[in-house]
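First up is the structure itself, then whatever we jot down about it.
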Amino acid sequence: MATLSRSDVEHVAHLARLGLTAAELDRLEGQLNHILDQYAILARLDTEHIPPTAQTIELESILREDVVTPSLPVEAVLANAPAREGDFIVVPPVLGGE
Amino acid sequence: MTDLTRLTALQQAGLLRSGEVSSRELAATHLDAAQRQNHALNAWLVIDRRGALEQADAADARIAAARAEGPAALDALHPLAGVPIALKDLVSVRGGQATAGSKILEGYRAPYDAHITGRLKDAGAVILGKTNMDEFAMGSSTEHSAYGPTANPWALDRVPGGSSGGSAASVAAYHVPVSIGTDTGGSIRQPAALCGIVGLKPTYGRVSRYGIIAFASSLDQVGPFARDTRDAAALLHAVAGRDERDSTSAPIPVPDAWRALPAPDQAAASLKGRRLGLPREYFLDGMEPGVEARVREAVRALEDAGAIVEEVSLPHTEYGLATYYIVAPAEASANLARYDGVRFGPRLGDGDVLANYLATRGQGFGPEVKRRIMLGTYALSAGYYDAFYLKAQKVRTLIKADFDALWAQGFDALVAPTTSGVAFRFGEKMADPVAMYLSDACTLPVNMAGLPGMSIPCGLSDGLPVGLQLIGAPWAETGLFELACGYEAITADAPWRAIEPTALAQADDPAMPTPRQRAAALAAGLVG
Numbered sequence: 000m001a002t003l004s005r006s007d008v009e010h011v012a013h014l015a016r017l018g019l020t021a022a023e024l025d026r027l028e029g030q031l032n033h034i035l036d037q038y039a040i041l042a043r044l045d046t047e048h049i050p051p052t053a054q055t056i057e058l059e060s061i062l063r064e065d066v067v068t069p070s071l072p073v074e075a076v077l078a079n080a081p082a083r084e085g086d087f088i089v090v091p092p093v094l095g096g097e
Numbered sequence: 000m001t002d003l004t005r006l007t008a009l010q011q012a013g014l015l016r017s018g019e020v021s022s023r024e025l026a027a028t029h030l031d032a033a034q035r036q037n038h039a040l041n042a043w044l045v046i047d048r049r050g051a052l053e054q055a056d057a058a059d060a061r062i063a064a065a066r067a068e069g070p071a072a073l074d075a076l077h078p079l080a081g082v083p084i085a086l087k088d089l090v091s092v093r094g095g096q097a098t099a100g101s102k103i104l105e106g107y108r109a110p111y112d113a114h115i116t117g118r119l120k121d122a123g124a125v126i127l128g129k130t131n132m133d134e135f136a137m138g139s140s141t142e143h144s145a146y147g148p149t150a151n152p153w154a155l156d157r158v159p160g161g162s163s164g165g166s167a168a169s170v171a172a173y174h175v176p177v178s179i180g181t182d183t184g185g186s187i188r189q190p191a192a193l194c195g196i197v198g199l200k201p202t203y204g205r206v207s208r209y210g211i212i213a214f215a216s217s218l219d220q221v222g223p224f225a226r227d228t229r230d231a232a233a234l235l236h237a238v239a240g241r242d243e244r245d246s247t248s249a250p251i252p253v254p255d256a257w258r259a260l261p262a263p264d265q266a267a268a269s270l271k272g273r274r275l276g277l278p279r280e281y282f283l284d285g286m287e288p289g290v291e292a293r294v295r296e297a298v299r300a301l302e303d304a305g306a307i308v309e310e311v312s313l314p315h316t317e318y319g320l321a322t323y324y325i326v327a328p329a330e331a332s333a334n335l336a337r338y339d340g341v342r343f344g345p346r347l348g349d350g351d352v353l354a355n356y357l358a359t360r361g362q363g364f365g366p367e368v369k370r371r372i373m374l375g376t377y378a379l380s381a382g383y384y385d386a387f388y389l390k391a392q393k394v395r396t397l398i399k400a401d402f403d404a405l406w407a408q409g410f411d412a413l414v415a416p417t418t419s420g421v422a423f424r425f426g427e428k429m430a431d432p433v434a435m436y437l438s439d440a441c442t443l444p445v446n447m448a449g450l451p452g453m454s455i456p457c458g459l460s461d462g463l464p465v466g467l468q469l470i471g472a473p474w475a476e477t478g479l480f481e482l483a484c485g486y487e488a489i490t491a492d493a494p495w496r497a498i499e500p501t502a503l504a505q506a507d508d509p510a511m512p513t514p515r516q517r518a519a520a521l522a523a524g525l526v527g
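Keeping their order, the protein sequence lines are chains A and B. Numbering follows numbering that gives the first Met the number 0, in which position 28 of the first sequence is assigned residue number 27; successive positions increment by one, without gaps. Numbering follows numbering that gives the first Met the number 0, in which position 517 of the second sequence is assigned residue number 516; successive positions increment by one, without gaps.
So, in structure tokens, the structure goes:
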């Protein structure tokens, strides 16, 4: 089974957009490998011809009529925004530079 | 005068209808108990005295209007009208907090009601407040709450279970007759077992999750806590059913039988001939002898009442833990991507958007949530998807097929332990995540298969509660309720039923340390 190195842990933390301290990365390296060890048991099972299960109740896709229904008022949505300007949520520049 | 807090929800409903008690009186009495003991228990994150009393006055007005109209109008009132209730702090109530036990949702106010909140408000139930929980429902002890752990009303140095520990403790401590929790791998059944009360995880799709903060979307279900089966069934009836705002809520009728469960004599008689399977894999190595003894005694009592019990096998049980700890973290890592500090919650860090993300998420999430996001992100990452996530989904098929084979053989239900041990001490499982994960070994296969599962109290081991788990086929909640009612009837006079949670008197004492102080002292090795 796979083993995670310290740089793997840093890479996964970056993918997950988690800013972790050096101490957290150290601890996670040990803990994640311990948990991954538990996954090894699954290799015992031959699942080549077993279909995957993503959901259990086998519902058909349920579609509703394509009509406009009321949604939340703008004020209610923006009330939780950490920074706003008028009817917009303010975020730092995404594309960098001016 | 009887202590109102000792009555079940349906008994309270009876007194409300007869006019012997008002909803305001019920709310005030329960609020007093919650406020008096929350220092020692930390079961509640919000006790909304003002809001609750307003709701109670409105319920009293409804009941008075119905009484003036006549007996038919009184009968038409919802059974929960005027009855106090608690909600886990991941259920949205418009204008109120919904922290999910996390710092990352500090200050967030829900802009709308969850589906079940709307249903409960329509019924006239009185929401007293919001209960403590493991952060984002990830945990089995409520120690992973950012707002401090909850104590078990049976022993203040022990956990109530989790993740819905506050909802379980509040019912066990008589702060409310019923409450709402959620169960992704055992988060209703395990705390119900550890607190000595009834808890039910319904069939996947039975209750709408609209307005409920998501953990793992193919597993999460909403369900009731109560001190007896009738109350649990009445609460599930109130919140279940199709809601078009949750595409996974199923268009399956909600049986009215849940509001008219058989009387004790009939329930006991109906045990005769019921075919029950006893899965041998659920009696784990290392199971506490007292827990095994109580479960086997309960099974014998059911047999003595005429049930036909056969030992059965669920051969893929041992793969459940690994499968669950791939599927659930993978789904969580996707669901929790939305906590980015852009639209709601605190925004931390300076500079560009990436710096904001890293700081907001790095400082907003606690250690267990970070661990699971890391696991899930890894299991879904390029090159590992087939080895982990796809493999786990295939094993999930095998786990579900184990159960399907038993339903095909005609079993009415399975009976098993809910947990392999009683409530553990603060800190006991915090150092080793895998030890904590094992707390749910007997409950999480039920979520993997989407089945209804229930935990009912079946006695004490060393003075702490033990839970009996009942597992049914999809949509077979009615059978579980009947079985549980039957068991309650045949054990109605058992001496353990008369024993109240043994730490309630201590919890009344304002000089008691808080659960956070207890946990810290235990961690520091200052206490035995």
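Note that CB positions come from ideal geometry on N, CA and C, so glycine has one too. Because the structure is a prediction, the values reported are computed rather than measured.
In the pairwise beta carbon analysis, the stretch 52-63 of chain A is classified as not touching the stretch 27-41 of chain A: fewer than three pairs are separated by under 8 angstroms.
The beta strand (DSSP E) runs lying completely inside the stretch 355-443 of chain B and spanning 3 residues or more are 412-416, given in chain order. Boundaries of the beta strand (DSSP E) harbouring I46/B: W43 to I46, taken from the DSSP string.
Contacts between P345/B and chain A, judged by CB atoms closer than 9 angstroms, involve P81 in chain order. Here S166/B is buried. Its C-beta has 16 or more other C-beta atoms within 10 Å. When rounded, the separation of the alpha-carbon atoms in P250/B and F402/B is 23 angstroms. Residues of the stretch 52-68 of chain A with a Cβ closer than 7 angstroms to any Cβ of chain B, in chain order: T52, A53, Q54, T55, I56, L58, I61 and R63.
Secondary structure note for K120/B: its alpha helix (DSSP H) is the uninterrupted segment H114 to A122. Close partners of S246/B in chain A (Cβ separation under 7 angstroms): I61. Rounded to the nearest whole angstrom, the C-alpha separation of P50/A and P328/B is 21 angstroms. Per DSSP, G128/B lies in no alpha helix (DSSP H); the unbroken beta strand (DSSP E) holding it starts and ends at V125 to T130.
Cβ neighbours of L313/B within its own chain (closer than 6 angstroms, five residues either side excluded): P278, E280 and D401.
From the beta-carbon of P110/B, the residues of chain A found nearer than 8 angstroms are L71, A75, V76, A78 and N79. If only complete runs of 4 or more residues are kept, the stretch 52-90 of chain A shows the alpha helix (DSSP H) at 73-77, in order along the chain. In the displayed model, R226/B falls within coil according to three-state DSSP, outside both helix and strand. In the displayed model, A55/B falls within a helix according to three-state DSSP. Take the alpha-carbon of I34/A and the one of A42/B: they are about 30 angstroms apart. Annotation for S186/B: no beta strand (DSSP E) segment contains it, and DSSP assigns it neither H nor E.
Look at V308/B here: in three-state DSSP terms it is strand. Around the Cβ of P494/B, a 10 Å sphere holds fewer than 16 other Cβ atoms; the residue is exposed.
Checking the DSSP bridge columns, you'll see V90/B partnered with I211/B. Put simply, the backbone Cα of R93/B is about 5 angstroms away from that of D112/B.
Per DSSP, Q11/B is one residue of the alpha helix (DSSP H) stretching across A8 to S17.
With a minimum length of 3 residues, the unbroken runs of beta strand (DSSP E) contained wholly in the stretch 260-330 of chain B fall at 274-278 and 307-311. When secondary structure is reduced to three states using DSSP, L155/B falls in the coil class, being assigned neither helix nor strand. Note on G363/B: 16 or more other CB atoms within 10 angstroms of its CB, so buried under the neighbour-count rule.
Across the stretch 172-193 of chain B, no CB contact with chain A closer than 8 angstroms is found for any residue. With respect to the C-alpha of A336/B, the residue from R43/A, A12/A, R5/A and S6/A having the closest C-alpha is A12/A. Neighbours of G85/A in chain B, taken as residues at a C-beta separation under 8 angstroms, are lacking, since the least C-beta distance is about 16 angstroms. Here V175/B is actually not in contact with L234/B; their C-beta atoms are around 11 angstroms apart, not less than 8 angstroms.
Residues of chain B with a Cβ closer than 7 angstroms to the Cβ of A12/A are, in chain order, M373. With 16 or more other Cβ atoms inside 10 Å of its own Cβ, S163/B counts as buried. It is roughly 7 angstroms from the alpha-carbon of A306/B to the alpha-carbon of L275/B.
In this structure A145/B does not touch P159/B by the C-beta definition: roughly 17 angstroms separates them, more than the 8 angstroms allowed. When Cβ pairs closer than 8 angstroms are counted between the two stretches, the stretch 43-50 of chain B is seen to touch the stretch 114-130 of chain B, the count reaching three or more. Straight across, the Cα-Cα distance linking A331/B with T501/B is about 37 angstroms.
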